[in-house]
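The block underneath contains the structure these notes are about, expressed in structure tokens.
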Amino acid sequence: MKVKDVVISFTSIRRVLNGDFDGKQVNVRGWVYRKRTGKKVVFVVLRDATGIIQCTVKRDSLSWDEAQKVSIESSVTVSGTVRSDGRAPGGFEISINELKIVGLAEAFPITKDQSEEFRRDVRHLWLRSQKMNAIMKIRSKVLKLVHEFFRKKTFIEVSPPMFISSAVEGGATLFGVKYFDRDLYLTQSAQLHLEVLIASLEKVYCIAPSFRAEKSRTIRHLAEYWHIEAEQAFATMEDLMRLEEDLVSHICQEVAKDCKNELETLNVDTKRLAEVQPPFPRITYDQAIEKLSKMGYKVKWGMDFGFEDEKALAKEFGKPFFVYAYPKESKAFYCKMYEENPKLVMSVDMIVPNIGELATGGSRIDDKEKLIVRLKEFGLKEEDYDWYIDQRRYGTTPHGGFGMGVERLLAWMLNLETVMETIPFPRTTRRYYP
RNA sequence: GCCGCCGUAGCUCAGUUCGGUAGAGCAACGGGCUGUUAACUCGUGGGUCGAAGGUUCGAGUCCUUCCGGCGGCGCCA
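Start counting at 1 in the first sequence, then tack on 4, and there's your number in the working numbering.
This is how it looks when you write it as structure tokens:
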């Protein structure tokens, strides 16, 4: 059967609200956000990806019956005349000539009374909310900014594997997967593979999922999260810290500039983001310990900080800051020791208010023998890491990099209660549906 | 892994102290009213009180076990 389609162009609600179409005829399509019926007029509030606009259907309209039938979240197309009207939220409304129901919705389960738990049960529907719409737009923007940032600095984007044979940190926190007839793991970081790639590309980065089988029960952990990772040949600790603070500052400033509507929806103070700029304060682990003990916290030298400690420090700075030069025993096997004090390693954490650790990075051991010693000290098998050691066999260089959690970044930027709100379908110990 | 909390209508909750026929608001449905702003208003339907077992004349309520979920710490990004 041959059908000749009538070509109709549709306008985004955002453009209508901008006033580009005042007094003009427009076609708009979307979903019914609210509906209020009266004897003489039906108000159909319509949403699309870009915004929300009130539409009116009058008693004498041919679409009157259709407007009566329409339910919350039904998909519709409307055509009508745009009128500037102070009574309409947003200042403009569409006086409908024709309303067509595309998909009539059953009674929508999400109403004004919700709990966090219920929203997670119906996550696939909650994603339609104005809040999630705004968060997803900003997430998209942030990912775009990360790519722009690294590419501008001549980093090459690489695609690391998700299936891996050896652990990054040797932990018991890997998800095992059946891989044909053997057992492999899902990656928890691309770092080791990125380190190998720098011998070819010098500066590499990726945005990829990482998986952690930790039974964490906190607002800042996911079993599956997105990881911004970068690795750079010949980089010093100074290079790394600058790279990290420049990245975060760039993202915050650009989001403040370009996502005003979304930030308003989320009640985020644009100024707070616009003011994020380098340099970030830097303190050593020893200085942090000193600060904490002055504040009355008991921290044992050699232990990494707990969440309470991080929050206390962050409260004092009120913005992102670095802690570096950690005791060797508190960090991973690949961390490079300071020559002048081999008890300390060149590892640096970026800590932000409310969320704590946002990124961890540092210089990696570039000497083959030292690396092997450390591997053994961690009880790891040399042969599992042979490919990684090769990096040190054939033209080793000082180098370093960092990993940053996309969800933690967003949760901090947008002042959200938990990282779960920053990803469309969060996976935690107990949540894997939808 | 350790500690704490929750589960009653589609949703949000009250009812648990002190055991005695299962309630409200919102949503849905039917009416009324209104250029409405998550409208207002009258009415109607809606329940295996997470599950199983126990105590009791009688259990949403007390006891035991299990299931599901939430949060804190630890681990980490």
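Quick reminder that beta carbons are idealized off the backbone N, C-alpha and C, glycines included.
Considering only residues of the same chain and omitting the five flanking positions on each side of residue i, which have a CB-CB separation below 8 Å?
i    : result
H403 : E199, I202, E235, Q236, A237, F238, A239, S367, R368 and D370
V333 : The displayed chain sequence assigns Glu, not Val, to residue 333. Here the set comprises G306.
V181 : F167, D187, L188, Y189 and L190
Which of helix, strand or coil does DSSP assign to residue i?
i    : result
Y301 : coil
L251 : helix
Q118 : coil
S88  : strand
T274 : helix
R143 : helix
L178 : coil
R435 : coil
Y398 : coil
K207 : strand
N345 : coil
A318 : helix
F215 : strand
D353 : strand
T487 : With the chain covering 5 to 438 only, the question about residue 487 has no answer from this structure.
K39  : strand
M408 : strand
T81  : strand
N419 : coil
I56  : strand
V30  : strand
Residue range of the alpha helix (DSSP H) that residue i falls in?
i    : result
K335 : That residue, K335, is in no alpha helix (DSSP H); it is neither H nor E in DSSP.
G69  : Correcting the residue type first, residue 69 is Asp in the shown sequence and not Gly. D69 -> alpha helix (DSSP H) spans W68 to K73.
R18  : I17 to L21
R497 : The structure shown does not extend to residue 497, since the chain spans only 5 to 438, so no value can be given for it.
V280 : Element bounds for V280: n/a, residue is neither H nor E.
Note down the Cα distance separating residue i from residue j, rounded to an integer number of angstroms.
i    : j    : result
R246 : P283 : 8 Å
Q58  : A111 : 21 Å
D388 : S351 : 24 Å
Y398 : R33  : 60 Å
E206 : T60  : 60 Å
G300 : I293 : 11 Å
A92  : N419 : 30 Å
E279 : E373 : 45 Å
T158 : P357 : 31 Å
I98  : D64  : 16 Å
F179 : V49  : 46 Å
E361 : H197 : 23 Å
D117 : E266 : 23 Å
D69  : A260 : 44 Å
P213 : L277 : 26 Å
K440 : D273 : In this structure the chain extends from 5 to 438, so residue 440 is not present and cannot be described.
D24  : R87  : 11 Å
So, for residue i: in the same chain, excluding its five sequence neighbours on each side, which residues have a beta-carbon less than 7 Å away from its beta-carbon?
i    : result
D243 : Q236
R412 : R224, I359, L362 and V423
F14  : N31, V32 and R33
Along the beta strand (DSSP E) that carries residue i, what are the first and last residues, could you check?
i    : result
K104 : F96 to G107
E361 : G360 to S367
E233 : E228 to A237
L50  : V45 to R51
L379 : Segment K372 to E381 is the alpha helix (DSSP H) holding L379; no beta strand (DSSP E) there.
R286 : R286 to T288
Y189 : R186 to L190
Below 6 Å CB to CB, which residues in the same chain sit around residue i once its five sequence neighbours on both sides are set aside?
i    : result
T400 : D370
M341 : V349
D353 : V327, E361 and T364
R38  : V49
Between the stretch 104–121 and the stretch 62–80, can you find at least three pairs of beta-carbon atoms closer than 8 Å?
Yes, since at least three Cβ pairs between the stretch 62–80 and the stretch 104–121 fall closer than 8 Å, the two stretches touch.
I'd like to know if the stretch 224–232 and the stretch 416–433 are in contact, where contact means that at least 3 CB-CB pairs between them fall below 8 Å.
Taking 8 Å as the limit for Cβ pairs, the verdict is that the stretch 416–433 does touch the stretch 224–232.
Specify whether the stretch 248–262 and the stretch 137–150 touch according to this definition: at least 3 beta carbon pairs, one from each stretch, less than 8 Å apart.
yes
Tell me whether the stretch 323–331 and the stretch 375–387 touch, counting them as touching only if at least three CB pairs, one residue from each stretch, are closer than 8 Å.
no
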